[in-house]
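In my numbering, the protein residues as written are 112 to 431.
If you want it as structure tokens, here you go:
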């Protein structure tokens, strides 16, 4: 019974829902503040995302005529559930809650499932803006998911070959291998794959220059166009939580750090690394780039990140 209780606390508090929600909103608040300073604006307070979320959860939720009711309502919950479950496979300052030989395969599916929630929500809406946004999300997801698959396989191959296996798809084994032999970010063979993963951040999180899915000035928020009140608040929260999931995955796969006996200190160090990933791959890129068209975004992800990830894959196969 105690083990079940611990697992439940992991899901609800750390590294699950509560941790991911609070840190995600905090990351987004810091992101907006730094973005404003770079662009010479005052900007909102760091606490603004928390206020926005609370405000949305207190507002009335309108029922949209013509929407596919059950799917329209479930879409934000699908995102949140996928993200929380995915965080159970990521070792945030400690051993992952769920471990196994195929952990990174499950993690890859769950990262994609979070994006599918947006697609389902937009497709279930009656607004043409939402449908356009959903189609853009699908096109964008398919374009960068190919690179994501190659990156995950490359990491598994590198760790597996080092352990005398063909490939090791256990994220805990991958982390342990790096702690013994050095982080993959310090290995020149893996740097192209790391850069490719960093390039995926803006598209996955809806940041410039690839914020074409919501594009308020073009399609009025895309998939979110008809969401109001609590449902919009849940989507807002899910998008913030996705920041933590993606950056935590990058930290675990490319730059894990040795753990101490203090779980709190481990979590703080891990979270700081995750923020640095978000700052470099998200905030700085968003500050100095403008929105690209959807065709430009798809073309980019099918060339540059895919090329970099394949380069690392080929180098690993050559045993370098």
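Glycine included, every Cβ here is placed at the ideal spot set by N, Cα and C. Here the structure is a predicted model, which is why all the values come from computation and not from measurement.
Which residues in the same chain as residue i place their Cβ atom closer than 6 Å to its Cβ, once the five residues preceding and following it in sequence are excluded?
i, result
"residue 191", "349"
"residue 131", "198, 352 and 355"
"residue 315", "357"
"residue 171", "340"
According to DSSP, is residue i helix, strand or coil?
i, result
"residue 400", "coil"
"residue 170", "coil"
"residue 132", "helix"
"residue 305", "helix"
"residue 143", "helix"
"residue 373", "coil"
"residue 315", "helix"
"residue 138", "helix"
"residue 272", "helix"
"residue 220", "helix"
"residue 416", "helix"
"residue 121", "helix"
"residue 386", "helix"
"residue 299", "coil"
"residue 431", "coil"
"residue 324", "coil"
"residue 279", "coil"
"residue 192", "helix"
"residue 432", "Missing from the structure shown is residue 432; the chain here goes from 112 to 431 and no further."
"residue 203", "coil"
"residue 150", "coil"
"residue 254", "helix"
"residue 337", "coil"
"residue 208", "coil"
"residue 348", "helix"
"residue 245", "helix"
"residue 113", "helix"
"residue 238", "coil"
"residue 228", "helix"
"residue 391", "helix"
"residue 156", "coil"
Take residue i and list the residues in its own chain whose beta-carbon comes closer than 8 Å to its own, dropping the five residues that flank it on each side.
i, result
"residue 404", "323"
"residue 264", "278 and 424"
"residue 388", "309, 312, 358, 361 and 362"
"residue 333", "233, 240, 241, 243, 244, 245, 247, 248, 324, 325 and 326"
Which word fits residue i, buried or exposed, when buried means at least 16 other C-beta atoms lie within 10 angstroms of its C-beta?
i, result
"residue 266", "buried"
"residue 121", "buried"
"residue 381", "buried"
"residue 383", "exposed"
"residue 269", "buried"
"residue 180", "exposed"
"residue 291", "exposed"
"residue 114", "exposed"
"residue 356", "buried"
"residue 342", "buried"
"residue 140", "buried"
"residue 337", "buried"
"residue 262", "buried"
"residue 293", "exposed"
"residue 175", "buried"
"residue 376", "exposed"
"residue 394", "buried"
"residue 230", "buried"
"residue 201", "buried"
Compare the C-alpha of residue i against each of the options and name the closest.
i, options, result
"residue 285", "170, 341, 345 and 362", "362"
"residue 215", "254, 411 and 359", "359"
"residue 226", "248, 236, 154 and 234", "248"
"residue 203", "374, 262, 427 and 418", "374"
"residue 431", "148, 260 and 298", "298"
"residue 346", "276, 228, 420 and 318", "228"
"residue 144", "237, 398 and 302", "398"
"residue 402", "156, 132, 319 and 123", "319"
"residue 433", "159, 154, 152 and 155", "The structure shown does not extend to residue 433, since the chain is modelled only from 112 to 431, so the question has no answer here."
"residue 364", "317, 376 and 219", "219"
"residue 135", "238, 351, 154 and 427", "351"
"residue 400", "146, 119 and 369", "146"
"residue 300", "370, 419 and 119", "419"
"residue 392", "305, 367 and 376", "305"
"residue 169", "426, 201, 386 and 344", "344"
"residue 335", "187, 416 and 260", "187"
"residue 184", "221, 235 and 156", "235"
CB-CB under 7 Å to residue i, same chain, minus the five flanking residues each way: which ones, in chain order?
i, result
"residue 280", "212, 213, 214, 215, 216 and 267"
"residue 288", "270, 273 and 274"
"residue 367", "286, 289, 290 and 294"
| query | Does the segment 189-198 come within contact of the segment 113-131, defined as at least 3 CB pairs closer than 8 Å? | reply | Yes: the two stretches touch, three or more of their Cβ pairs being nearer than 8 Å.
| said: Contact between the segment 153-165 and the segment 201-216 is defined here as three or more beta-carbon pairs at a separation below 8 Å; is this criterion met? | reply: With a cut-off of 8 Å on Cβ pairs, the segment 153-165 is not in contact with the segment 201-216, counting fewer than three such pairs.
| said: Does the contact criterion of 3 or more C-beta pairs under 8 Å hold for the segment 404-419 versus the segment 251-261? | reply: Yes, they touch.
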